[in-house]
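Undergrad: First the structure, which I've put down as structure tokens, then a few questions once you've had a look.
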Amino acid sequence: MTVVSAIPAFCQGIQHFGENLPNYEQYTTEAAIKPDNTAISSPNDPNAVFQTLLAADALRYLTLQTAATKQSGHPGGFASIADTIAALVMLGHKNIITEVGHHAPGFYSNMFLDRSLEDMGITTVQQMGERFREMHGLLGHLSGQIPGLLNPAGPLGQGQHFAMAGAKLHPGVLFPVTIGDGGLGEPYIMSSFAHFNTSFPDVTNFLPILVWNGYSQEHHSMVSTKTNEEMIAYWQGNGFAEVILVNAKDYDDSNQEGEYVDSTQFSLAKRLAFTQAILEATDKAAKSALNGTLTVLIVKQLKGSGVHKRGAKSHNLYPGDTLEKDYIVHALKERALSPEAWQMVRTNFERSAGGPASHHVVTEKVLPLPELGPLPLTEYEVHGEKKVATTAMGELVVHVGQKDPNFVVANADGNAASGINNINIGLKIVHPTVDDLYFQGPGGQVYEPLSEDACAGLAAGLALFGARTLWCSYESFAINGLPIWQTVTQAMAELRRPTPSTITLFTAGALEQGRNGWTHQRPEIENYFAGMMRNGNIFPLFPCDANSIQVCYEWAVQTKNKGITITASKSPLPVRTTFNQTRQGLQDGGIILHESKGKKKVVFAVIGDMTLIPVFDAALHLENEGIGVKIVSVISPRRLYRSYDVAWETCTEKDSHFLDDQGFENLFGGDALIGVTGGTSAMLEPVMLRSNCKRDTFAWKRGETASSAGEIMSFNGLTAEALTKRASELLS
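Going by numbering that gives the first Met the number 0, 695 is the number at position 696 of the sequence shown; the sequence numbering is gapless.
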């Protein structure tokens with residue numbers, strides 16, 4: 000037996016040590032994960048079972064002490080699944096994902112025990128507490144900058160996307176994802192599993208683990224009333240062929256009331272029996288998932304098991320919940336390990352999977368990408384035949400997909416409806432039913448479930464995990480997929496490695512959706528992107544024609560760690576620019592499309608393609624009155640901010656280029672400035688912020704049913720007459 004004569008250095012800061020459990024010496028003559036092994040030899044090995052129990056206690060202890068150090072954080076939910084996390088590690092599985100941001104201190108404890116946090120300078124329990132919930136430390140919810148952790152987690156209902164993305168990119172690797180029973184009420188979790196499994200039935204190496212602890216944040220969970228049989232039937236009804244449930248209640252010998260019980264209150268014999276059941280069930284579920292069966296593991300155990308309180312009361316700590324509080328002290332002493340037990344747990348965790356997660360999980364390495372070669376750009380004649388911008392970009396997308404087998408295009412509204420049916424023809428819709436009429440069949444690269452969350456989730460998740468993707472949507476519906484995309488872009492900003500940018504194509508803007516009325520006219524998503532531009536890695540792009548969109552996509556697909564939205568029409572529109580003009584516009588933020596001299600000059604800063612039509616009409620009226628007109632197409636508004644407006648310095652892949660004052664004056668200098676957009680006025684902020692002349696904005700107000708884009712523009716005041724009148728007023 001390894002004898003620890005002194006307290007291990009990593010234990011510095013531990014508040015309480017305990018005595019060894021009965022029969023400790025019998026089950027700890029050597030670590031259950033032997034030297035040069037990556038997992039225990041058997042889930043029913045008594046030594047492995049005993050040491051897994053120690054690991055679960057260690058995780059609970061660290062989770063509670065770390066949170067209490069700051070009188071803040073969420074120990075209760077993770078405490079109810081600590082046994083299963085310990086089992087996963089002992090079985091050699093470290094690519095562990097979560098849907099639950101509130102499990103963060105538990106996941107940090109896991110990364111501490113296997114030494115991953117040493118990569119960020121955290122070597123002791125003391126340091127972990129000091130840096131919990133501190134800047135450049137261990138954030139309150141999982142982020143992209145913590146060594147060994149695969150995914151961000153904050154908003155509920157998102158983690159499954161990362162598990163499925165990892166499984167698709169890495170066959171043969173298990174991606175467990177813990178899902179809270181409170182979060183199970185989020186609307187998209189189960190449907191996203193169903194869409195993915197229908198499209199990719201052979202990709203089953205992700206393992207949902209339901210944390211069925213009976214409580215949400217402040218009340219009983221909505222699924223707490225289900226019987227075991229009903230819960231099993233629920234998962235089976237959603238396509239899961241193997242449903243494995245472990246119920247702590249079956250092992251209770253402490254006469255706890257209710258359906259949800261705390262295994263740490265059992266006798267040692269029953270605790271070991273429960274731990275063995277967890278190990279065996281986890282091993283069975285992992286093998287089932289890896290062998291081609293859609294599998295779920297359900298663990299039913301009371302929220303807060305083994306920490307300071309039980310049920311929803313255990314969810315989070317409040318000011319005053321210090322390390323000196325009596326119930327905190329009592330809980331820590333209950334879970335306290337001896338120094339030699341801590342060392343035993345550390346040895347197993349650092350041997351598991353071949354070493355620290357920070358050196359072995361799939362997201363710690365850059366995913367190799369095939370070379371794309373030059374994109375097949377087609378430069379259309381300026382002022383020649385009208386062209387559909389989205390169709391022009393579609394040709395480039397097909398090229399990317401044909402060069403890169405991991406590339407996925409996601410679109411809930413249908414590519415054909417967005418003017419990009421050429422993508423379907425070239426890459427095929429993935430579907431188990433072969434039908435050439437719809438360009439679909441197994442092996443396709445176009446993912447088309449009728450769920451924006453499923454589309455955005457897979458596309459953004461794959462991008463975070465290192466693959467190229469494109470999420471397409473109508474601008475009006477994309478907001479339903481924005482939460483996962485926004486989460487991923489924030490993670491990319493702080494990620495510790497380069498990864499392909501997550502790129503979107505938003506078509507059928509409000510101006511094109513007249514006959515469908517306000518239900519399809521919702522450009523408020525641009526407010527989100529306008530606000531997000533200040534993050535430093537968000538680039539909304541507004542190509543003005545079919546040439547411009549090709550250059551925008553050519554630039555986007557070469558970038559790293561950015562969130563890039565491309566918004567364009569699916570209608571045939573005039574070609575106004577050359578490739579070189581847009582390349583300059585991507586650097587300067589905008590390009591001058593038209594300029595004339597006059598006694599005074601009005602400048603139109605225009606976002607979008609269709610909105611240029613009334614602006615050019617207004618220019619004719621103004622020039623007839625002797626007024627000079629400059630029309631600037633704003634391609635990349637983010638470039639038009641000042642450098643200190645944007646948090647670019649804090650981004651992993653820094654992009655510090657902003658248009659200087661002289662460049663801004665060259666573009667927008669005049670006697671009056673009018674910003675024009677078919678979307679929300681917030682996107683014009685960088686222009687209005689820097690302009691010193693008289694200025695005004697024309698923007699989207701509200702949707703209405705109309706017979707044409709012109710009519711809906713008129714309803715919103717976006718007419719040549721209104722623009723001419725306002726320009727004259729500003730100049731008078």
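Heads up, the beta-carbon is just placed ideally off N, CA and C, and yes, glycines get one too.
All of these numbers come straight from a predicted model, not from anything done at the bench.
Under 8 Å between the Cβ atoms of P175 and I95?
TA: If you number the sequence shown from 1, residue 175 lands on position 176. If you number the sequence shown from 1, residue 95 lands on position 96. A contact, by the Cβ cut-off of 8 Å.
Undergrad: I believe R467 touches F406 by the beta-carbon criterion, under 8 Å. Please report the beta-carbon distance rounded to the nearest angstrom.
TA: As a first step, residue 467 must be located in the sequence shown, where it is residue number 468. As a first step, residue 406 must be located in the sequence shown, where it is residue number 407. Indeed they touch by this definition, with Cβ atoms about 5 Å apart.
Undergrad: What residue range does the alpha helix (DSSP H) around I231 cover?
TA: Position 232 of the sequence shown, counted from the start, is the residue given in the question as residue 231. Here the alpha helix (DSSP H) through I231 covers N227 to G236.
Undergrad: Note down the Cα distance separating I590 from C551, rounded to an integer number of angstroms.
TA: For the purposes of this step, residue 590 is taken as residue 591 along the sequence shown, with counting starting at 1. For the purposes of this step, residue 551 is taken as residue 552 along the sequence shown, with counting starting at 1. Roughly 13 Å separates the two Cα atoms.
Undergrad: Specify, as a first and last residue, the run of the alpha helix (DSSP H) that Y527 falls within.
TA: Translated into positions along the sequence shown, residue 527 becomes position 528. That run of the alpha helix (DSSP H) goes I524 to M531.
Undergrad: Could you check what DSSP says for D180 in three-state terms: helix, strand or coil?
TA: What you label residue 180 is simply residue 181 of the sequence shown in a count that begins at 1. The answer is coil: DSSP assigns D180 none of H, G, I, E or B.
Undergrad: Rounded to whole angstroms, what is the Cα-Cα separation between G535 and S642?
TA: Against the sequence shown, residue 535 aligns to sequence position 536. Against the sequence shown, residue 642 aligns to sequence position 643. The straight-line gap from Cα to Cα measures roughly 10 Å.
Undergrad: Is the stretch 97-105 in contact with the stretch 260-269, if contact means three or more CB pairs nearer than 8 Å?
TA: no
Undergrad: So within the stretch 71-135, which uninterrupted alpha helix (DSSP H) runs reach at least 4 residues, ignoring any that extend past its ends?
TA: 75-78, 81-89, 103-112 and 124-130
Undergrad: As a quick exercise: from P7, P636 and M491, pick the residue whose alpha carbon is nearest that of T346.
TA: If you number the sequence shown from 1, residue 346 lands on position 347. Comparing Cα positions, the closest option is P7.
Undergrad: On a CA-only basis, which of Y23, D35, V88 and L61 is nearest P42? Give me that one, please.
TA: Mapped onto the sequence shown, residue 42 falls at position 43. Cα-wise, what sits closest to P42 is V88.
Undergrad: Is the number of C-beta pairs between the stretch 62-71 and the stretch 270-281 that are closer than 8 Å three or more?
TA: no
Undergrad: Do V245 and V298 count as a contact pair if the criterion is CB distance below 8 Å?
TA: Walking along the sequence shown from the start, residue 298 turns up at place 299. Walking along the sequence shown from the start, residue 245 turns up at place 246. Yes, the Cβ-Cβ distance between V298 and V245 is below 8 Å.
Undergrad: Between which two residues does the alpha helix (DSSP H) harbouring D412 extend?
TA: Position 413 of the sequence shown, counting from 1, holds the residue named residue 412. Note, D412: premise wrong, no alpha helix (DSSP H); not H, not E.
Undergrad: Along the chain, where does the alpha helix (DSSP H) that runs through F697 open and close?
TA: Residue mapping note: residue 697 aligns to position 698 of the sequence shown, counting from 1. Note, F697: premise wrong, no alpha helix (DSSP H); beta strand (DSSP E) at K693 to F697.
Undergrad: May I have the straight-line CA-CA distance separating E217 from L155, to the nearest angstrom?
TA: As a first step, residue 217 is located in the sequence shown; it is residue number 218 there, counting from the start. As a first step, residue 155 is located in the sequence shown; it is residue number 156 there, counting from the start. Approximately 15 Å, taken between the alpha carbons.
Undergrad: Sort out for me which residues DSSP pairs C471 with in a bridge.
TA: Taking the first residue of the sequence shown as 1, we reach residue 471 at position 472. Bridge partners of C471: N410 and L504.
Undergrad: What's the gap between the Cα of A85 and the Cα of N109?
TA: Residue mapping note: residue 85 aligns to position 86 of the sequence shown, counting from 1. Residue mapping note: residue 109 aligns to position 110 of the sequence shown, counting from 1. Their Cα atoms are separated by approximately 8 Å.
Undergrad: Assess contact between the stretch 176-186 and the stretch 205-215, defined as three or more Cβ pairs (one per stretch) separated by less than 8 Å. Is contact present?
TA: yes
Undergrad: What residue range is occupied by the uninterrupted beta strand (DSSP E) comprising N246?
TA: Position 247 of the sequence shown holds residue 246. Run containing N246: E241 to N246, per the beta strand (DSSP E) assignment.
Undergrad: Can you tell me whether S190 is helix, strand or coil according to DSSP?
TA: Within the sequence shown, numbered from 1, the residue matching residue 190 stands at position 191. When DSSP states are grouped into helix, strand and coil, S190 belongs to the helix group.
Undergrad: When you compare the CB positions of R130 and G136, do they come within less than 8 Å of one another, or not?
TA: Residue numbering aside, residue 130 sits at position 131 when the sequence shown is read from its first letter. Residue numbering aside, residue 136 sits at position 137 when the sequence shown is read from its first letter. The answer is yes: Cβ separation under 8 Å.
Undergrad: Go through the stretch 597-660 residue by residue and report every complete run of the alpha helix (DSSP H) that reaches 4 residues or more, in order.
TA: The alpha helix (DSSP H) runs of length 4 or more contained entirely in the stretch 597-660 are, from start to end of the chain, 611-623.
Undergrad: Going by DSSP, which residues form a beta bridge with H593?
TA: Taking the first residue of the sequence shown as position 1, residue 593 is located at position 594. According to DSSP, H593 bridges with I630.
Undergrad: Is there contact between the stretch 510-522 and the stretch 541-561, where contact requires at least three CB pairs shorter than 8 Å?
TA: no
Undergrad: CB-CB under 6 Å to N150, same chain, minus the five flanking residues each way: which ones, in chain order?
TA: Residue 150 sits at position 151 when you count from the first residue of the sequence shown. Same-chain partners within the cutoff: I96 and F161.
Undergrad: How would you label M532, buried or exposed, when you count the other beta carbons within 10 angstroms and need 16 or more for buried?
TA: Position 533 of the sequence shown, counted from the first residue, corresponds to residue 532. M532 is buried by the Cβ-count criterion.
Undergrad: With DSSP as the reference, label V387 as helix, strand or coil.
TA: The count along the sequence shown starts at 1 and reaches residue 387 at position 388. Strand, per DSSP.
Undergrad: What is the rounded straight-line gap between the Cα of E664 and the Cα of G627?
TA: Taking the first residue of the sequence shown as position 1, residue 664 is located at position 665. Taking the first residue of the sequence shown as position 1, residue 627 is located at position 628. Looking at the two C-alpha atoms, the distance is approximately 16 Å.
Undergrad: For the pair the stretch 227-242 and the stretch 284-301, tell me if three or more CB-CB distances fall below 8 Å.
TA: yes
Undergrad: Where does K269 fall in DSSP's three states?
TA: For this step, residue 269 is matched to residue 270 along the sequence shown. Three-state DSSP puts K269 in a helix.
Undergrad: To the nearest whole angstrom, what separates the beta carbons of L469 and V396, a pair I think is in contact under 8 Å?
TA: Here residue 469 is taken as the residue at index 470 of the sequence shown, counted from 1. Here residue 396 is taken as the residue at index 397 of the sequence shown, counted from 1. Indeed they touch by this definition, with Cβ atoms about 6 Å apart.
Undergrad: Should M127 go down as buried or exposed, given a rule of 16 or more other Cβ atoms within 10 Å for buried?
TA: Sequence index remark: in the sequence shown, residue 127 carries index 128 (1-based). Label assigned to M127: buried.
Undergrad: Considering only residues of the same chain and omitting the five flanking positions on each side of P448, which have a CB-CB separation below 6 Å?
TA: The sequence position of residue 448 within the sequence shown is 449, counting from 1. The answer, listed in chain order, is H194.
Undergrad: In the DSSP output, what is Y437 paired with across the bridge?
TA: Against the sequence shown, residue 437 aligns to sequence position 438. For Y437, which the question treats as bridged, DSSP gives no partner whatsoever.
Undergrad: K629 and E652 - do their beta-carbons sit closer together than 8 Å?
TA: Along the sequence shown, one-based indexing puts residue 652 at 653. Along the sequence shown, one-based indexing puts residue 629 at 630. Taking 8 Å as the Cβ cut-off, E652 and K629 do not qualify as a contacting pair.
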